[in-house]
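A.B. asks: The first sequence begins at 98 in our numbering and counts up by one.
C-beta: ideal position from N, C-alpha, C; glycine also.
In this text the structure is predicted, and so the values were computed from the model without any measurement.
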Amino acid sequence: MSKSTDELFKNVISHAKEYGFVFPSSEIYDGLSAVYDYGQFGAELKNNIKTYWWKAMVQMNDNIVGIDSAIFMHPKIWKASGHVDGFSDPMIDNKDSKKRYRADQLLEDKIERYDKDGKTDKAEQLQHDMDEALKNEDLPRLKELILEHEIADPIGGTRNWTDVRQFNLMFSTQMGAVADDADTIYLRPETAQGIFVNYLNVQKSGRMKIPFGIAQIGKAFRNEVIARQFIIRMREFEQMEMQFFVRPGTQKEWFNQWKETRLKWHLALGTDAAKYRYHEHTKLAHYADAAYDIEFEFPFGFKEVEGIHSRTDFDLSQHQQFSGKKMQYFDPEVDPETGKPYGNYIPYVIETSIGLDRMFLLTMINAFEEEDLSTEDKQDSRTVLRLHPCLAPVKAAIFPLTKKDGLPEKAREIMDRLKVDFNIQYEEKDAIGKRYRRQDAIGTPFCITVDHQTLEDDTVTIRYRDTMAQERVASADLEKIIGDQVSWRNLLK
RNA sequence: GCGGAAAUAGCUCAGCUGGUAGAGCAUCAGUUUCCCAAACUGAAGGCCGCGGGUUCGAAUCCCGUUUUCCGCUCCA
98 MSKSTDELFK NVISHAKEYG FVFPSSEIYD GLSAVYDYGQ FGAELKNNIK
148 TYWWKAMVQM NDNIVGIDSA IFMHPKIWKA SGHVDGFSDP MIDNKDSKKR
198 YRADQLLEDK IERYDKDGKT DKAEQLQHDM DEALKNEDLP RLKELILEHE
248 IADPIGGTRN WTDVRQFNLM FSTQMGAVAD DADTIYLRPE TAQGIFVNYL
298 NVQKSGRMKI PFGIAQIGKA FRNEVIARQF IIRMREFEQM EMQFFVRPGT
348 QKEWFNQWKE TRLKWHLALG TDAAKYRYHE HTKLAHYADA AYDIEFEFPF
398 GFKEVEGIHS RTDFDLSQHQ QFSGKKMQYF DPEVDPETGK PYGNYIPYVI
448 ETSIGLDRMF LLTMINAFEE EDLSTEDKQD SRTVLRLHPC LAPVKAAIFP
498 LTKKDGLPEK AREIMDRLKV DFNIQYEEKD AIGKRYRRQD AIGTPFCITV
548 DHQTLEDDTV TIRYRDTMAQ ERVASADLEK IIGDQVSWRN LLK
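#1: Could you name the residues of the same chain whose beta carbon sits closer than 8 angstroms to that of K240, not counting the 5 residues immediately before and after it, in chain order?
#2: Less than 9 angstroms between the C-beta atoms of I311 and G404, yes or no?
#3: Within the region 369–447, note down every full alpha helix (DSSP H) run reaching 4 residues or more, in order along the chain.
#4: Please go through the region 123–186 and give each complete alpha helix (DSSP H) segment of 4 or more residues, from N-terminal end onward.
#5: Report, in whole angstroms, the separation of the C-beta atoms of I328 and F457, which I expect to be a contact under 8 angstroms.
#6: Just the Cα atoms here: how many angstroms apart are V119 and I391?
#7: Give every residue of the same chain whose Cβ lies closer than 7 angstroms to the Cβ of W175, excluding the five residues on either side of it in the sequence, and list them in chain order.
#8: Measure the beta-carbon distance from A365 to L105 and round it to whole angstroms, keeping in mind my assumption that it falls under 8 angstroms.
#9: Identify the residues that DSSP records as bridge partners of V570: which are they?
#10: Taking S471 as the reference, which of F465, A464 and R479 has the closest Cα?
#11: Considering only residues of the same chain and omitting the five flanking positions on each side of D538, which have a CB-CB separation below 6 angstroms?
#12: Which of helix, strand or coil does DSSP assign to Y116?
#13: Just the C-alpha distance for P435 and H416, rounded to the nearest angstrom, thanks.
#14: Are E321 and A289 close, meaning C-beta to C-beta below 9 angstroms?
#15: Using the Cα positions of A388 and H376, report the straight-line distance between them to the nearest angstrom.
#16: Just grab the DSSP bridge partners of Y198 for me.
#17: Note down, in chain order, each residue of its chain lying with its Cβ closer than 8 angstroms to the Cβ of I161, except the 5 sequence neighbours on either side.
#18: Measuring only the C-alpha atoms, how far is P497 from T546?
#19: Helix, strand or coil, according to DSSP, for M98 in the structure here?
#20: Check the C-beta distance from A464 over to L482 and give it rounded, since I have them as a contact under 8 angstroms.
#21: So, are the CB atoms of R514 and E524 less than 9 angstroms apart?
#22: Which residue from L129, L297 and K143 puts its Cα closest to that of Y135?
#23: Three-state secondary structure (DSSP) at D273?
#24: My parser needs the beta strand (DSSP E) runs of 3 or more residues fully inside the region 439–511; what are they?
#25: Using the beta-carbon count (16 or more within 10 Å), is Y561 buried or exposed?
#26: So Y133 packs on M331, CB below 8 angstroms; how close in whole Å?
#27: In this structure, does DSSP put W585 in helix, strand or coil?
#28: If you draw a straight line from the alpha carbon of K100 to that of L203, how long is it in whole angstroms?
#29: Go ahead and label Y126 buried or exposed: buried means 16 or more other beta carbons lie within 10 angstroms of its beta carbon, across all protein chains shown.
#30: What is the DSSP secondary structure of A230, reduced to helix, strand or coil?
#31: Quick check on DSSP: helix, strand or coil for E209?
#32: The alpha helix (DSSP H) that contains A538, what's its start and end?
#33: Quick one: residues in its chain with C-beta nearer than 6 angstroms to the C-beta of M272, no 5 flanking neighbours on either side, listed in chain order?
#34: Quick check: what's the CA-CA separation for Q348 versus Y296?
#35: Could you pull the start and end residues of the beta strand (DSSP E) that K349 belongs to?
#36: Do N108 and E467 come within 9 angstroms of each other at the CB atom, strictly closer than that value?
Shown next, in the form of structure tokens:
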């Protein structure tokens with residue numbers, strides 16, 4: 098990482114905190130690792146990003162509908178999805194080789210070796226001890242066993258082990274007043290399952306015909322071993338996901354289409370296309386038959402912002418098996434090859450899944466500029482967030498040029514008119530230039546100044562964030578001028 | 001998780017070999033000015049991340065801990 102990009106990232110983080118975009122969670126108590134809160138402008142920006150996504154996905158596609166499923170779900174769902182078995186392992190690290198192993202697998206290997214060597218007594222004893230320890234979730238005991246049986250790192254060969262730790266990516270809690278294993282439920286580690294388990298409800302109640310999609314925006318939780326780089330990897334984060342249900346055999350086409358559609362969504366914001374790239378997964382997850390990430394070049398390198406995955410019929414099949422409910426869809430359309438309807442099948446799924454917090458950070462980094470405005474006479478600079486007007490937290494700020502002569506009253510009158518349509522700020526403190534710069538720092542695209550001429554002919558000046566140029570316009574035209582610029586039409590057309 | 005670095009005002013940082021806590025910007029009140037960081041006057045803001053230890057005395061030295069950043073590792 099070069100020094101300047103490193104600086105950029107730090108400056109964005111400082112800026113985000115200083116101007117009320119992102120704060121460390123629980124900061125007065127020293128913060129909580131990898132948890133962040135959105136401040137007054139951050140919340141607005143985040144909501145605008147959500148709106149852009151929701152409109153582009155749900156409103157603009159008549160075959161996609163949106164839902165909002167609960168964070169708590171039946172625990173069996175996570176068994177069906179593979180999350181329970183995939184992510185609750187006792188792990189141990191070797192301090193010399195820095196390799197991490199599953200503690201139970203190291204012991205299993207040892208048992209096998211005892212068996213091979215004819216030491217069946219030892220094998221049985223160890224098996225018994227291990228089962229006991231696993232059952233009781235006695236992690237110190239697992240380490241004792243590893244030490245007792247002199248198990249060495251298969252790669253490094255040393256026995257310099259850390260303690261055994263339970264790695265479970267899912268947060269768990271108890272439902273019901275009595276703490277009992279049977280009542281353990283999880284905070285969802287992804288929003289996708291909320292869509293899969295509602296697939297039948299939506300399809301039937303909405304009379305949806307394949308191909309169709311279900312979209313959702315919501316929080317997900319992962320107990321990451323390490324979480325760093327600001328809001329790139331958080332323990333509580335927000336996803337915007339869409340699962341698109343298609344006829345088996347057509348998944349490739351749809352996959353390619355969504356891959357392109359989603360990148361276009363990003364580029365419509367005016368981001369430099371060179372900052373984006375696709376990354377193809379070569380090692381596919383157990384559920385996928387194709388997977389691409391859309392990556393963005395953050396100051397610390399390319400990072401995944403969005404994933405487009407072809408999930409086959411894995412999830413719906415699993416839920417059919419675990420729930421005992423049929424997940425099939427009857428497709429009445431006639432197959433030209435056979436001349437008969439396609440009939441019953443479990444749909445294949447194309448998933449688009451974007452990390453909202455990452456999108457937020459991307460937007461901030463992309464918009465952030467420390468512009469040098471120095472002239473020969475004096476040094477000058479400004480910090481400006483060049484946010485797309487649709488995403489800007491505050492659409493316009495209204496300033497009376499001075500605090501006297503009835504200008505504040507006039508300015509407030511205009512604000513009261515505009516605030517019905519737009520998020521507006523009013524400021525009368527400090528010199529006009531300073532107020533302009535303050536608004537630049539939070540990305541407000543327009544500043545409207547009420548001066549003495551306003552009282553005579555009802556015109557105001559409008560000053561543009563990006564060019565810093567000013568224009569005199571009729572106050573009555575403001576709704577149209579601002580409205581045109583912040584209209585979602587600019588992004589969705 | 002391992003290794004490295006850091007933590008002092010809202011932000012950026014200074015604070016020497018231990019001896020009363022500092023600056024710039026920002027904030028608030030006022031005067032003045034008025035179209036791009038104005039000036040002046042005044043004010044507020046600090047458990048020097050937290051806990052222990054050494055010391056007559058710790059922001060400063062030592063130990064622990066929390067949080068953050070960097071590298072590895074991890075991320076179905």
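C.D. replies: Reading it off the structure:
#1: Residue numbering aside, residue 240 sits at position 143 when the first sequence is read from its first letter. I189, A200, W258, D260 and V261.
#2: Counting from 1 along the first sequence, the entry for residue 311 is found at position 214. Counting from 1 along the first sequence, the entry for residue 404 is found at position 307. Here I311 is not near G404, since their CB atoms are 9 angstroms or more apart.
#3: As summarised for the region 369–447, the continuous alpha helix (DSSP H) elements at least 4 residues long and confined to that stretch are 411–420, given in chain order.
#4: Assignment of alpha helix (DSSP H) within the region 123–186, counting only whole runs of 4 or more residues, yields 137–151, 172–177 and 180–183 in chain order.
#5: Position 231 of the first sequence, counted from the first residue, corresponds to residue 328. Position 360 of the first sequence, counted from the first residue, corresponds to residue 457. That belief holds up - the Cβ atoms of I328 and F457 are roughly 7 angstroms apart, short of 8 angstroms.
#6: To locate residue 119, count along the first sequence from 1; it is residue 22. To locate residue 391, count along the first sequence from 1; it is residue 294. Distance between the alpha carbons of V119 and I391 is about 24 angstroms.
#7: Here residue 175 corresponds to residue number 78 of the first sequence, with the count starting at 1. The answer, listed in chain order, is V181, M267 and Y283.
#8: For the purposes of this step, residue 365 is taken as the residue at position 268 of the first sequence. For the purposes of this step, residue 105 is taken as the residue at position 8 of the first sequence. Taking the Cβ atoms as the reference, A365 lies roughly 24 angstroms from L105, outside the contact range of under 8 angstroms.
#9: Here residue 570 corresponds to residue number 473 of the first sequence, with the count starting at 1. Answer is V557.
#10: On the first sequence, position 374 is the one that residue 471 refers to. Closest option to S471, Cα to Cα, is R479.
#11: The sequence position of residue 538 within the first sequence is 441, counting from 1. This sequence places Ala at residue 538; Asp is not what is there. Contacts found: Y116 and T480.
#12: Residue 116 sits at position 19 when you count from the first residue of the first sequence. In the structure shown, the three-state DSSP call for Y116 is coil.
#13: Position 338 of the first sequence, counting from 1, holds the residue named residue 435. Position 319 of the first sequence, counting from 1, holds the residue named residue 416. Note on residue identity: the sequence assigns Thr, not Pro, to residue 435. When rounded, the distance between both Cα atoms is 30 angstroms.
#14: Residue numbering aside, residue 321 sits at position 224 when the first sequence is read from its first letter. Residue numbering aside, residue 289 sits at position 192 when the first sequence is read from its first letter. Going by C-beta atoms, E321 is not nearer than 9 angstroms to A289.
#15: In the first sequence, the residue the question calls residue 388 occupies position 291. In the first sequence, the residue the question calls residue 376 occupies position 279. As the crow flies, the alpha-carbon of A388 is around 9 angstroms from that of H376.
#16: Reading the first sequence from its first residue, position 101 is the one you call residue 198. In the DSSP output, where bridge partners are listed per residue, Y198 has I189.
#17: Here residue 161 refers to the residue found at position 64 when the first sequence is read from its first residue. Excluding its 5 nearest sequence neighbours in each direction, I161 has C-beta neighbours in its own chain below 8 angstroms: M154, V155, F309, G310, I311, A312, M339 and F341, listed in chain order.
#18: Within the first sequence, the letter at position 400 stands for residue 497. Within the first sequence, the letter at position 449 stands for residue 546. Roughly 6 angstroms between the two C-alpha positions.
#19: For this step, residue 98 is matched to residue 1 along the first sequence. With a pLDDT of 36 at M98, under the threshold of 50, the modelled position of that residue is not reliable, and no figure is offered here.
#20: Within the first sequence, numbered from 1, the residue matching residue 464 stands at position 367. Within the first sequence, numbered from 1, the residue matching residue 482 stands at position 385. Contact between A464 and L482 holds, since their C-beta atoms are separated by about 4 angstroms, short of 8 angstroms.
#21: As a working mapping, residue 514 is identified with position 417 in the first sequence. As a working mapping, residue 524 is identified with position 427 in the first sequence. No, the Cβ-Cβ distance between R514 and E524 is not below 9 angstroms.
#22: As a position in the first sequence, residue 135 is number 38, starting the count at 1. Closest by alpha carbon: K143.
#23: One-based indexing of the first sequence puts residue 273 at position 176. Checking the displayed sequence, the identity of residue 273 turns out to be Gly instead of Asp. The answer is coil: DSSP assigns G273 none of H, G, I, E or B.
#24: Segments of the beta strand (DSSP E) lying fully in the region 439–511: 445–452, 465–469, 478–482 and 493–497.
#25: Locating residue 561 in the first sequence gives position 464, counting from the first residue. When all chains shown are included, Y561 counts as exposed.
#26: By 1-based counting over the first sequence, the position of residue 133 is 36. By 1-based counting over the first sequence, the position of residue 331 is 234. The C-beta separation of Y133 from M331 comes to about 6 angstroms, placing the pair in contact by the 8 angstroms criterion.
#27: Along the first sequence, one-based indexing puts residue 585 at 488. In this structure, W585 counts as coil in the three-state DSSP scheme.
#28: Position 3 of the first sequence, counting from 1, holds the residue named residue 100. Position 106 of the first sequence, counting from 1, holds the residue named residue 203. For K100, the pLDDT reaches just 46, beneath the cut-off of 50, and the residue's location in the model is therefore unreliable, although a value from the coordinates is still provided. Across the structure, K100 and L203 are spaced so that their CA atoms are roughly 43 angstroms apart.
#29: Sequence index remark: in the first sequence, residue 126 carries index 29 (1-based). Counting Cβ neighbours within 10 Å, Y126 comes out exposed, since fewer than 16 surround it.
#30: Position 133 of the first sequence holds residue 230. DSSP places A230 in helix when its eight states are reduced to three.
#31: Walking along the first sequence from the start, residue 209 turns up at place 112. The answer is helix: DSSP assigns E209 an H, G or I state.
#32: Start at 1 with the first residue of the first sequence, and residue 538 comes out as number 441. It spans I529 to I539 - the alpha helix (DSSP H) in which A538 sits, taken as one unbroken run.
#33: On the first sequence, residue 272 is found 175 positions in, with the first residue counted as 1. Contacts found: D280 and I282.
#34: Counted from its first residue, the first sequence places residue 348 at position 251. Counted from its first residue, the first sequence places residue 296 at position 199. For the pair Q348 and Y296, the Cα-to-Cα distance works out to about 18 angstroms.
#35: Numbered from its first residue, the first sequence carries residue 349 at position 252. Not the beta strand (DSSP E): K349 falls in the alpha helix (DSSP H), residues Q348 to L364.
#36: On the first sequence, position 370 is the one that residue 467 refers to. On the first sequence, position 11 is the one that residue 108 refers to. Closer than 9 angstroms, so yes.
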